[in-house]
Amino acid sequence: MRTDGLAPNLCVGILLSSLTATLMAQPSAAEGTRSMTVLGSIDGTADGTERAWLTIAGEVEGRAMSSAAWRPYSMANVMGSALDGMSDAQRAQMQKQMEMMSEMMGDGADNPLAQMFGDDGEEQVQLRIMGVDPEAERILRQGGLTIELPPFSPENTDSLLTGPNEVEISYHKNFGESTGFYASSHDVGTAATVAFDQLDIVAGGGFAAGVFEGTLCPIRALMSGDPDPDVCITVAGRFETDLGEEAADNSGSQAGN
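Quick note, the sequence shown lines up with residues -25 to -1, 1 to 232 if you use mature numbering (1 follows the signal peptide of the UniProt record, and there is no 0).
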(Lines of atoms letter the chains of each structure in order from A and count residues from 1; the text may use other names and numbers.)
(Lines give C-alpha, C1' and ligand atoms only; values in the text may rest on other atoms or scores of the structure.)
Protein backbone atom coordinates (compact mmCIF):
# COMPACT_ATOMS: atom_id res chain seq x y z
CA MET A 1 0.00 0.00 0.00
CA ARG A 2 1.13 3.54 -0.66
CA THR A 3 1.78 5.69 2.38
CA ASP A 4 2.65 9.03 0.80
CA GLY A 5 -0.54 10.74 1.88
CA LEU A 6 -3.93 11.14 0.32
CA ALA A 7 -3.68 11.57 -3.46
CA PRO A 8 -5.75 14.26 -5.25
CA ASN A 9 -7.57 11.69 -7.41
CA LEU A 10 -8.72 9.87 -4.28
CA CYS A 11 -10.08 13.09 -2.77
CA VAL A 12 -12.01 13.87 -5.95
CA GLY A 13 -13.34 10.32 -6.29
CA ILE A 14 -14.52 10.17 -2.69
CA LEU A 15 -16.15 13.60 -2.96
CA LEU A 16 -18.02 12.80 -6.19
CA SER A 17 -19.16 9.37 -5.01
CA SER A 18 -20.34 10.75 -1.68
CA LEU A 19 -22.11 13.70 -3.32
CA THR A 20 -23.88 11.45 -5.82
CA ALA A 21 -24.99 9.12 -3.07
CA THR A 22 -26.22 11.98 -0.90
CA LEU A 23 -28.27 13.55 -3.69
CA MET A 24 -29.73 10.22 -4.76
CA ALA A 25 -30.62 9.41 -1.15
CA GLN A 26 -32.82 12.43 -0.51
CA PRO A 27 -36.38 11.34 0.40
CA SER A 28 -37.89 13.32 -2.49
CA ALA A 29 -35.59 11.57 -4.96
CA ALA A 30 -36.39 8.16 -3.54
CA GLU A 31 -40.13 8.45 -4.12
CA GLY A 32 -41.42 6.32 -6.97
CA THR A 33 -38.14 4.58 -7.70
CA ARG A 34 -39.70 1.12 -7.44
CA SER A 35 -41.81 1.88 -10.52
CA MET A 36 -38.80 2.73 -12.68
CA THR A 37 -37.84 0.81 -15.80
CA VAL A 38 -35.26 -1.96 -15.35
CA LEU A 39 -32.27 -1.53 -17.68
CA GLY A 40 -30.33 -4.61 -16.65
CA SER A 41 -28.75 -6.51 -13.79
CA ILE A 42 -25.57 -7.02 -11.78
CA ASP A 43 -25.06 -10.37 -10.05
CA GLY A 44 -22.17 -11.29 -7.80
CA THR A 45 -20.83 -11.33 -4.27
CA ALA A 46 -19.99 -8.61 -1.77
CA ASP A 47 -17.98 -9.51 1.31
CA GLY A 48 -18.67 -13.20 0.68
CA THR A 49 -22.45 -12.80 0.36
CA GLU A 50 -24.32 -13.40 -2.88
CA ARG A 51 -26.04 -10.25 -4.08
CA ALA A 52 -28.25 -9.15 -6.98
CA TRP A 53 -28.62 -5.56 -8.18
CA LEU A 54 -30.73 -3.87 -10.85
CA THR A 55 -29.86 -0.93 -13.08
CA ILE A 56 -32.85 1.37 -13.49
CA ALA A 57 -34.11 4.38 -15.43
CA GLY A 58 -36.98 6.78 -14.96
CA GLU A 59 -37.97 10.27 -13.90
CA VAL A 60 -36.90 11.80 -10.61
CA GLU A 61 -38.18 15.28 -9.74
CA GLY A 62 -38.92 16.00 -13.38
CA ARG A 63 -35.51 14.84 -14.61
CA ALA A 64 -34.81 11.67 -16.56
CA MET A 65 -32.10 9.58 -14.95
CA SER A 66 -30.35 6.31 -15.71
CA SER A 67 -28.33 4.51 -13.08
CA ALA A 68 -26.22 3.05 -15.91
CA ALA A 69 -25.17 5.77 -18.33
CA TRP A 70 -22.35 7.48 -20.21
CA ARG A 71 -21.75 11.21 -20.53
CA PRO A 72 -19.40 13.45 -22.51
CA TYR A 73 -16.29 14.44 -20.59
CA SER A 74 -13.78 17.24 -20.84
CA MET A 75 -11.53 18.99 -18.36
CA ALA A 76 -13.13 22.26 -19.43
CA ASN A 77 -16.54 21.05 -18.22
CA VAL A 78 -15.12 19.76 -14.95
CA MET A 79 -13.28 23.00 -14.26
CA GLY A 80 -16.33 25.02 -15.29
CA SER A 81 -18.41 23.18 -12.73
CA ALA A 82 -15.82 23.81 -10.01
CA LEU A 83 -15.57 27.51 -10.85
CA ASP A 84 -19.36 27.87 -10.80
CA GLY A 85 -19.32 26.99 -7.12
CA MET A 86 -16.98 29.87 -6.22
CA SER A 87 -17.68 33.50 -5.50
CA ASP A 88 -16.87 36.05 -8.21
CA ALA A 89 -13.69 37.07 -6.39
CA GLN A 90 -12.56 33.48 -5.83
CA ARG A 91 -13.32 32.57 -9.44
CA ALA A 92 -11.35 35.52 -10.80
CA GLN A 93 -8.38 34.75 -8.55
CA MET A 94 -8.38 31.06 -9.49
CA GLN A 95 -8.60 31.79 -13.23
CA LYS A 96 -5.77 34.31 -13.00
CA GLN A 97 -3.50 31.91 -11.12
CA MET A 98 -4.17 28.99 -13.44
CA GLU A 99 -3.77 31.08 -16.58
CA MET A 100 -0.36 32.23 -15.29
CA MET A 101 0.67 28.64 -14.60
CA SER A 102 -0.59 27.56 -18.03
CA GLU A 103 1.49 30.26 -19.73
CA MET A 104 4.57 29.05 -17.86
CA MET A 105 3.98 25.50 -19.13
CA GLY A 106 3.67 26.59 -22.75
CA ASP A 107 1.09 26.17 -25.49
CA GLY A 108 1.65 22.49 -26.26
CA ALA A 109 -1.21 20.01 -26.48
CA ASP A 110 0.20 18.16 -23.45
CA ASN A 111 -0.31 21.16 -21.18
CA PRO A 112 -2.92 19.89 -18.66
CA LEU A 113 -3.78 23.35 -17.38
CA ALA A 114 -4.50 24.59 -20.88
CA GLN A 115 -6.93 21.70 -21.28
CA MET A 116 -8.85 22.91 -18.23
CA PHE A 117 -9.83 26.11 -20.03
CA GLY A 118 -10.51 24.74 -23.49
CA ASP A 119 -11.14 21.71 -25.65
CA ASP A 120 -8.09 19.54 -26.22
CA GLY A 121 -9.66 18.18 -29.43
CA GLU A 122 -10.24 14.60 -28.25
CA GLU A 123 -13.79 13.49 -27.60
CA GLN A 124 -14.06 11.45 -24.43
CA VAL A 125 -16.84 9.97 -22.33
CA GLN A 126 -17.21 8.59 -18.82
CA LEU A 127 -19.22 5.47 -18.00
CA ARG A 128 -21.06 4.73 -14.75
CA ILE A 129 -22.92 1.50 -13.99
CA MET A 130 -24.82 1.76 -10.71
CA GLY A 131 -26.95 -1.10 -9.43
CA VAL A 132 -29.58 -0.80 -6.72
CA ASP A 133 -30.65 -3.55 -4.33
CA PRO A 134 -34.36 -4.22 -5.05
CA GLU A 135 -34.75 -5.92 -1.66
CA ALA A 136 -33.43 -2.98 0.33
CA GLU A 137 -35.93 -1.01 2.38
CA ARG A 138 -34.60 2.19 0.81
CA ILE A 139 -33.03 1.17 -2.49
CA LEU A 140 -31.15 4.43 -3.06
CA ARG A 141 -29.63 4.41 0.42
CA GLN A 142 -28.69 0.80 1.07
CA GLY A 143 -26.79 -1.84 -0.82
CA GLY A 144 -25.96 0.10 -3.99
CA LEU A 145 -22.94 -0.87 -6.11
CA THR A 146 -21.30 1.54 -8.56
CA ILE A 147 -18.65 0.86 -11.22
CA GLU A 148 -17.02 3.92 -12.82
CA LEU A 149 -14.55 4.00 -15.69
CA PRO A 150 -12.06 6.83 -16.23
CA PRO A 151 -12.57 8.93 -19.40
CA PHE A 152 -12.10 7.08 -22.69
CA SER A 153 -12.69 7.67 -26.39
CA PRO A 154 -16.04 6.33 -27.66
CA GLU A 155 -14.29 5.62 -30.97
CA ASN A 156 -11.86 3.29 -29.23
CA THR A 157 -14.15 0.95 -27.30
CA ASP A 158 -12.58 -2.09 -28.98
CA SER A 159 -9.45 -1.51 -26.92
CA LEU A 160 -11.52 -1.96 -23.76
CA LEU A 161 -12.53 -5.45 -24.90
CA THR A 162 -8.98 -6.80 -24.95
CA GLY A 163 -8.48 -7.31 -21.24
CA PRO A 164 -9.04 -6.06 -17.69
CA ASN A 165 -9.45 -2.28 -17.33
CA GLU A 166 -8.85 -0.28 -14.19
CA VAL A 167 -12.04 1.15 -12.68
CA GLU A 168 -13.22 2.49 -9.37
CA ILE A 169 -15.95 0.58 -7.52
CA SER A 170 -17.99 1.77 -4.55
CA TYR A 171 -20.49 -0.11 -2.39
CA HIS A 172 -23.01 1.34 0.05
CA LYS A 173 -23.29 -1.48 2.53
CA ASN A 174 -25.53 0.72 4.64
CA PHE A 175 -25.53 4.41 3.75
CA GLY A 176 -25.14 6.66 6.78
CA GLU A 177 -23.08 4.31 8.95
CA SER A 178 -19.48 5.31 9.62
CA THR A 179 -18.26 2.05 8.06
CA GLY A 180 -21.12 1.67 5.60
CA PHE A 181 -19.50 3.17 2.49
CA TYR A 182 -16.75 1.14 0.82
CA ALA A 183 -14.69 2.14 -2.22
CA SER A 184 -11.62 1.20 -4.21
CA SER A 185 -8.77 3.59 -4.91
CA HIS A 186 -5.82 2.83 -7.15
CA ASP A 187 -4.13 5.84 -5.54
CA VAL A 188 -3.60 3.86 -2.33
CA GLY A 189 -3.12 0.46 -3.89
CA THR A 190 -6.55 -1.18 -3.80
CA ALA A 191 -7.30 -2.95 -7.07
CA ALA A 192 -10.55 -2.89 -9.06
CA THR A 193 -10.99 -4.01 -12.66
CA VAL A 194 -13.65 -4.71 -15.26
CA ALA A 195 -13.45 -6.90 -18.37
CA PHE A 196 -16.03 -6.22 -21.07
CA ASP A 197 -17.66 -8.84 -23.26
CA GLN A 198 -19.53 -6.08 -25.08
CA LEU A 199 -19.50 -2.29 -24.91
CA ASP A 200 -21.56 -0.11 -27.23
CA ILE A 201 -21.57 3.69 -26.88
CA VAL A 202 -24.10 5.21 -29.28
CA ALA A 203 -26.17 8.39 -29.43
CA GLY A 204 -28.92 8.12 -26.86
CA GLY A 205 -27.50 5.17 -24.94
CA GLY A 206 -25.78 1.86 -25.59
CA PHE A 207 -25.12 -1.48 -23.93
CA ALA A 208 -22.50 -2.98 -21.62
CA ALA A 209 -21.80 -6.53 -20.45
CA GLY A 210 -18.84 -8.02 -18.63
CA VAL A 211 -17.32 -9.01 -15.31
CA PHE A 212 -15.82 -7.02 -12.43
CA GLU A 213 -13.81 -7.57 -9.29
CA GLY A 214 -12.23 -5.37 -6.70
CA THR A 215 -11.02 -4.79 -3.17
CA LEU A 216 -12.99 -2.09 -1.36
CA CYS A 217 -12.16 -0.39 1.92
CA PRO A 218 -14.18 1.88 4.20
CA ILE A 219 -13.80 5.53 3.25
CA ARG A 220 -12.37 6.31 6.68
CA ALA A 221 -9.63 3.73 6.08
CA LEU A 222 -8.89 5.08 2.59
CA MET A 223 -8.49 8.57 3.99
CA SER A 224 -5.55 7.33 6.05
CA GLY A 225 -3.68 6.55 2.82
CA ASP A 226 -2.72 3.07 4.06
CA PRO A 227 -5.90 1.04 4.75
CA ASP A 228 -5.71 -2.09 6.89
CA PRO A 229 -6.52 -5.10 4.65
CA ASP A 230 -8.46 -6.66 7.54
CA VAL A 231 -11.18 -3.99 7.30
CA CYS A 232 -11.54 -4.24 3.52
CA ILE A 233 -13.92 -6.45 1.55
CA THR A 234 -13.93 -8.02 -1.91
CA VAL A 235 -16.63 -7.72 -4.56
CA ALA A 236 -16.95 -9.64 -7.82
CA GLY A 237 -19.61 -10.43 -10.34
CA ARG A 238 -21.15 -9.93 -13.75
CA PHE A 239 -23.23 -7.13 -15.28
CA GLU A 240 -25.43 -6.83 -18.35
CA THR A 241 -27.32 -3.60 -18.94
CA ASP A 242 -28.64 -1.09 -21.40
CA LEU A 243 -27.10 2.37 -21.01
CA GLY A 244 -28.56 5.85 -20.94
CA GLU A 245 -26.89 9.03 -22.13
CA GLU A 246 -26.41 12.04 -19.86
CA ALA A 247 -25.57 15.64 -20.64
CA ALA A 248 -21.99 16.88 -20.27
CA ASP A 249 -20.64 16.87 -16.74
CA ASN A 250 -21.24 20.41 -15.59
CA SER A 251 -23.38 22.21 -13.05
CA GLY A 252 -26.21 22.79 -15.48
CA SER A 253 -26.41 19.30 -16.94
CA GLN A 254 -29.66 17.39 -17.19
CA ALA A 255 -29.70 13.61 -17.15
CA GLY A 256 -31.22 11.77 -20.05
CA ASN A 257 -31.81 8.33 -21.50
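C-beta: ideal position from N, C-alpha, C; glycine also.
All figures in this text were calculated on a predicted structure; none of them were measured in a lab.
- Sorting 14, 21, 199 by C-alpha distance to the C-alpha of residue 160 places 199 at the top.
- Rounded to the nearest whole angstrom, the CA to CA distance from residue 26 to residue 124 is 22 Å.
- The C-alpha of residue 175 is placed about 7 Å away from the C-alpha of residue 132.
- For residue 105, the enclosing beta strand (DSSP E) covers residues 99 to 106.
- Residue environment analysis places residue 195 among the exposed positions, since fewer than 16 neighbouring C-beta atoms fall within 10 angstroms of its C-beta.
- In this structure, residue 139 sits away from residue 100, with a CB-CB distance that is not shorter than 8 Å.
- With contacts defined by Cβ atoms closer than 8 Å, residue 178 and residue 216 do not form a contacting pair.
- A residue is called buried once 16 or more other Cβ atoms fall within 10 Å of its Cβ, and residue 36, having fewer, is exposed.
- Fully contained in the stretch 148 to 232 are the following beta strand (DSSP E) runs of length 3 or more, in chain order: 156 to 158, 167 to 177, 180 to 193, 208 to 220.
- Only residues of its own chain outside the window of five on either side were considered, and among them 45, 124 have a CB closer than 6 Å to the CB of residue 102, listed in chain order.
- Approximately 7 Å separates the beta-carbon atoms of residue 120 and residue 210; this is inside 8 Å, confirming the contact.
- Looking from the CA of residue 40, the closest CA among 19, 63, 12, 28 belongs to 12.
- Per DSSP, residue 40 is one residue of the beta strand (DSSP E) stretching across 38 to 41.
- Per DSSP, reduced to three states, the secondary structure at residue 74 is helical.
- In the three-state reduction of the DSSP assignment, residue 10 falls in the helix class, which pools H, G and I.
- When only Cα atoms are considered, residue 17 and residue 62 end up about 42 Å apart.
- Non-local beta-carbon contacts of residue 109 in its own chain, meaning distances under 6 Å to residues more than five positions away in sequence, involve 29 in chain order.
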